[in-house]
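The numbers in the sequence shown follow my numbering, run straight up by one, and end at 963. We put the CB at the ideal spot given by N, CA and C, even for glycine. Everything numeric in this text was worked out from a predicted model, so none of it was measured. Take a look at the structure set out below.
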Amino acid sequence: MDTIFTKIDKGEIPSTKVYEDDICFVILDINPVKKGHCLVISKQPYPNMGSCPDDVLNHLILVAKKIEKKQREVLGNQGSNIIINNDPASGQEVPHIHVHVIPRFEGDGRKHFQDHDKYADGEMKAFGDRLRLS
Ligand code: AMP
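Have a look at this one:
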């Protein structure tokens, strides 16, 4: 099934591409959190992390690492957010797996996760017990 990213990959929609190989490509996000915000996009339109094969997911993360290094060299950012929005409940808008690589600068005023939950007494341990991998 076509997504906006498969259309970009086929050249049907213009983009600013900064990397490409057999498995993925990297473009600048059209609506950047900070200028230089990149998207590392699988060529196959796996809709989410669970459906993406391990070797492809590994590859996306390794390419994100290279892009992040390049951003630091060129843009001088001191940090970054590396994010996969995973399914619509998380805010994922394009159902085609991609890794956001967002350059971040000391005091840049951007906050990615705005609101936070607070654990009640004992609740953190209960969540830990439920989520621990065996
Ligand atoms: P997500 O919410 O994780 O699915 O992120 C989708 C991202 O794709 C958003 O940050 C959009 O700004 C970005 N985006 C959507 N259309 C385009 C486009 N034509 N070119 C570049 N980035 C895009």
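Residue i, buried or exposed, once every other Cβ within 10 Å from all chains shown has been counted against 16
i    : result
S844 : buried
Q900 : buried
D950 : exposed
I890 : exposed
Contact check, residue i vs residue j, beta carbons under 9 Å
i    : j    : result
I870 : I912 : no
V930 : L886 : no
C853 : V892 : yes
G936 : N906 : no
CA-to-CA distance, residue j to residue i, given in whole angstroms
i    : j    : result
I837 : V923 : 12 Å
G957 : K839 : 44 Å
S963 : E841 : 46 Å
I856 : R959 : 38 Å
Selection from the options that minimises the alpha carbon distance to residue i
i    : options             : result
N914 : K947, Y875 and F934 : Y875
G920 : N877, E841 and Q907 : N877
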